Amino acid sequence: MNVRIPGLLRSYTAGAETVALPPHATLDEALRDLDARFPGLRFRIVDEQHAIRPHIKLFVDGELTRELAAPVVGSAELMIVGALSGG
Amino acid sequence: MVSTRKTVAAPAPRKTTLLIATRKGLWTLAGDAARRAWKLTGPHFLGHIVHHAIADPRDARTILAAARTGHLGPTIFRSTDRGRTWKEAAQPPAFKPGSGRTVDHSFWLTPGHPTEPGVWYVGTSPQGLFRSADGGATWAGVDGFNDHPERKAWCGGDQDGTPDGPKLHSVLVDPRDPRHLYIGMSSGGVFESTDGGGDWHPLNKGVKALFMPDPDPPFGHDPHCVRLHPRDPDRLYQQNHCGIYRLDRPAERWTDIGAAMPKSVGSIGFPMVLHPRDPDTLWVFPMDGSDVWPRVSPGGKPATYRSVNGGKSWQRQATGLPKGQAWWTVKRQAMTADHAPTVGVYFGTTGGEIWGSRDEGRSWKCLARHLPHIYSVECA
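These protein sequence lines are chains A and B, in that order.
Per our numbering, residue 186 is the first one in the first sequence, and the count goes up by one each step.
Per our numbering, residue 127 is the first one in the second sequence, and the count goes up by one each step.
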């Protein structure tokens with residue numbers, strides 16, 4: 186699975202725009218793997234109650250996914266988007 | 127009563143550097159030895175919402191900054207080389223999984239007691255208290271507060287409170303005893319712990335809460351900023367939503383010292399600064415809290431007010447400040463004082479200006495402008 190990293194998180198990935206992960210069963214597992222590689226990244230997008238933060242959108246193969254338990258077996262792409270309006 | 131403690135001699139002068147935390151990042155403003163020439167550097171963390179940045183007085187090299195962005199969750203950045211390089215906390219403040227609570231932002235940072243190097247406290251929005259024992263690298267909840275059976279009654283719901291979310295602020299450590307702590311909460315009131323945060327009790331007698339059905343409740347108040355005098359730790363002051371107060375421990379009833387403010391100005395405001403050596407001298411920055419709470423300088427005429435007698439009387443200090451049509455104000459962490467023999471007083475405005483006085487507020491000069499909305503100003 187390729188993870189597309191938005192600009193606001195590239196300080197964690199040394200500027201990498203895309204990160205390749207091995208296959209995972211769930212979105213939660215994929216994000217924990219991402220955090221193991223880039224410590225601290227997960228908490229910026231998932232809160233301590235294991236909810237995706239309000240202005241973060243996660244798209245799995247183009248589908249908006251709000252549940253960390255969502256299966257990602259066989260998925261090709263996870264896209265992380267910061268979605269916020271206003272000044 | 128007014129303190130009888132004598133003013134302590136001033137230390138040798140040293141250069142003043144201000145840490146300026148804003149809605150869009152962190153800047154520093156360094157003064158020369160005379161505090162006449164100032165150099166602005168930054169930004170650090172451009173685009174991050176930095177609610178507070180403060181230097182550790184115990185080692186003169188550590189700085190912590192509480193930050194988040196609109197998208198990303200809250201974290202703490204740490205520097206151990208006076209701001210040249212920064213590292214993110216490995217474990218930022220967070221409530222326990224299963225508690226149902228989430229930290230929206232870390233709001234108020236306090237270095238711990240001098241005998242506990244590496245200890246820091248942070249107050250969060252919504253109201254939570256966290257402690258680090260390793261210089262801010264990892265944080266754990268102070269369970270005696272966060273899990274206190276009365277906490278919800280004291281604070282209300284996590285959605286209640288100030289427009290930017292309810293906050294725990296003004297974490298104060300008694301310089302005589304690291305286990306003696308005070309906190310302020312908007313809303314909730316002032317609370318005290320004598321066992322290092324294991325248990326807490328309200329300390330609000332005498333403080334008005336005009337927005338409550340009972341105007342004299344045991345808790346539920348809205349202190350905006352609480353200060354403890356470092357040389358006379360039994361002397362507490364607070365700038366409250368409903369006035370200005372002083373408390374001389376071991377008494378438990380606050381004295382209303384805002385009543386001596388001019389009626390046309392009122393006694394509402396956010397920040398409060400104490401003279402570093404004289405427990406009877408303090409500054410406030412009044413704000414318009416009439417009708418719909420405009421939260422601007424009263425009449426568009428900003429001024430500090432100083433008392434040199436513990437709040438018995440106040441003097442307006444506005445020389446050099448705009449004489450009118452200045453519709454900004456100063457937030458609760460955005461006013462500070464240095465330790466020079468003639469104390470320098472500084473504040474940052476919601477309009478992005480830094481103002482300074484090198485003569486204890488008698489005259490003011492704009493030191494920097496065009497910054498974002500300023501949340502905190504601290505001497506480093």
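Glycine included, C-beta positions come from ideal geometry on N, C-alpha and C.
Keep in mind that this is a model prediction, so the values were computed, not measured.
Contact with chain A by residue i, beta-carbon distance below 9 Å
i, result
"K278(B)", "no"
"L190(B)", "no"
"K457(B)", "no"
"F221(B)", "yes"
"R257(B)", "no"
"V248(B)", "no"
"T201(B)", "yes"
"A215(B)", "yes"
"V176(B)", "no"
"G196(B)", "yes"
"R210(B)", "no"
"V128(B)", "Note on V128(B): pLDDT 46, under 50, position unreliable in the model; no value is reported."
"S225(B)", "yes"
"T228(B)", "yes"
"P402(B)", "no"
"P289(B)", "no"
"P420(B)", "no"
"P412(B)", "no"
"P169(B)", "no"
"P218(B)", "yes"
"Y501(B)", "no"
Identified DSSP bridge partners for residue i
i, result
"Q279(A)", "This structure leaves residue 279(A) out entirely; chain A is present only between 186 and 272."
"T203(A)", "R189(A)"
"F203(B)", "A191(B), E214(B)"
"D464(B)", "Paired residue(s): none; D464(B) is not in a bridge."
"R277(B)", "In the DSSP output, where bridge partners are listed per residue, R277(B) has none listed."
"S502(B)", "A147(B), Q459(B)"
"W153(B)", "I146(B)"
"D358(B)", "H355(B)"
"G267(A)", "I241(A)"
"E252(A)", "Looking at the DSSP assignment, E252(A) forms no beta bridge with any residue, so it has no partner."
"T211(A)", "P256(A)"
"A365(B)", "Strictly speaking, residue 365(B) in this sequence is Gln, with Ala absent from that position. DSSP lists C351(B), I370(B) as partners of Q365(B)."
"P328(B)", "F317(B)"
"Y308(B)", "L298(B), E318(B)"
"K141(B)", "For K141(B), which the question treats as bridged, DSSP gives no partner whatsoever."
Chain B within 9 Å of residue i, Cβ atoms only
i, result
"G225(A)", "yes"
"I190(A)", "no"
"E252(A)", "no"
"R238(A)", "yes"
"V204(A)", "no"
"A199(A)", "no"
"L243(A)", "no"
"L263(A)", "no"
"G267(A)", "yes"
"L249(A)", "no"
"R195(A)", "no"
Check your understanding: Are there three or more Cβ pairs, one per stretch, closer than 8 Å when the region 212–220 of chain B is compared with the region 179–187 of chain B?
Key -> Segments in contact, no.
Check your understanding: Looking at C-beta atoms only, is the number of pairs between the region 137–152 of chain B and the region 170–180 of chain B that lie closer than 8 Å three or more?
Key -> Cβ pair count under 8 Å is three or more, so yes.
Exercise for review: Report yes or no: do the region 472–482 of chain B and the region 492–502 of chain B share at least 3 C-beta pairs separated by less than 8 Å?
Suggested key: Yes, the region 472–482 of chain B is in contact with the region 492–502 of chain B.
Practice item. Please determine if the region 330–341 of chain B and the region 272–284 of chain B are in contact, where contact requires at least 3 C-beta pairs separated by less than 8 Å. Key: Using a C-beta cut-off of 8 Å, the region 330–341 of chain B makes no contact with the region 272–284 of chain B, since fewer than three inter-stretch Cβ pairs fall below that distance.
Review point. Per the contact definition of three or more C-beta pairs closer than 8 Å, is the region 228–237 of chain B in contact with the region 186–195 of chain B?
Key: Two segments are said to touch when three or more pairs of C-beta atoms, one from each, lie closer than 8 Å; by this definition the region 186–195 of chain B touches the region 228–237 of chain B.
Exercise for review: Could you tell me which uninterrupted beta strand (DSSP E) segments, each at least 3 residues in length, are contained entirely in the region 222–268 of chain B, listed from first to last along the chain?
Suggested key: If we require 3 residues or more, the beta strand (DSSP E) runs fully inside the region 222–268 of chain B come out as 231–237, 246–251, 254–258.
Check your understanding: Given a limit of 9 Å on CB to CB distance, which residues of the region 209–235 of chain A reach chain B?
Key -> Per Cβ criterion, the list reads P224, G225, F228, R229, I230, V231, D232, E233, Q234, H235.
Practice item. Please go through the region 437–497 of chain B and give each complete beta strand (DSSP E) segment of 3 or more residues, from N-terminal end onward. Key: Runs of the beta strand (DSSP E) inside the region 437–497 of chain B: 441–443, 461–463, 471–474, 480–483, 491–494.
Check your understanding: Counting Cβ pairs, one atom from each stretch, are 3 or more of them under 8 Å apart for the region 459–469 of chain B and the region 247–263 of chain A?
Key -> Short answer: they don't touch.
Check your understanding: Does the region 325–332 of chain B come close enough to the region 289–303 of chain B that 3 or more CB-CB pairs lie under 8 Å?
Key -> Counting C-beta pairs with one atom in each stretch, the region 289–303 of chain B and the region 325–332 of chain B have fewer than three that are closer than 8 Å, which means they do not touch.
Review point. Enumerated in chain order, which unbroken segments of the beta strand (DSSP E) with a length of 3 residues or greater are wholly contained in the region 372–449 of chain B?
Key: For the region 372–449 of chain B, whole beta strand (DSSP E) runs of length 3 or above, ordered along the chain, are 395–400, 408–412, 430–433, 441–443.
Check your understanding: Should the region 409–421 of chain B be called in touch with the region 246–261 of chain B, which here means at least 3 C-beta pairs below 8 Å?
Key -> Note that the region 409–421 of chain B does not touch the region 246–261 of chain B; fewer than 3 beta-carbon pairs, one per stretch, sit closer than 8 Å.
Check your understanding: Is there contact here, the region 193–205 of chain A with the region 159–169 of chain B, by at least three beta-carbon pairs under 8 Å?
Key -> In this structure the region 193–205 of chain A does not lie against the region 159–169 of chain B, because fewer than three pairs of beta carbons, one per stretch, are closer than 8 Å.
Point to revise | Touching by the beta-carbon criterion (3+ pairs, under 8 Å), the region 224–234 of chain A and the region 202–211 of chain A | key: Contact between the region 224–234 of chain A and the region 202–211 of chain A is absent, because fewer than three Cβ pairs lie under 8 Å.
Review point. Are the region 395–402 of chain B and the region 340–349 of chain B touching by the rule of at least three beta carbon pairs closer than 8 Å?
Key: Contact between the region 395–402 of chain B and the region 340–349 of chain B is absent, because fewer than three Cβ pairs lie under 8 Å.
Review point. At which residue ranges does the region 165–191 of chain B contain complete beta strand (DSSP E) runs of 3 or more residues, listed in the order of the chain?
Key: For secondary structure counted as the beta strand (DSSP E) over 3 or more consecutive residues, the region 165–191 of chain B holds these complete runs in sequence order: 175–181.
**Study point:** Touching by the beta-carbon criterion (3+ pairs, under 8 Å), the region 445–460 of chain B and the region 377–389 of chain B
**Key:** Too few Cβ pairs lie closer than 8 Å, so no.
Practice item. Would you check if there are 3 or more beta carbon pairs closer than 8 Å linking the region 240–253 of chain A to the region 138–148 of chain B? Key: Segments in contact, no.
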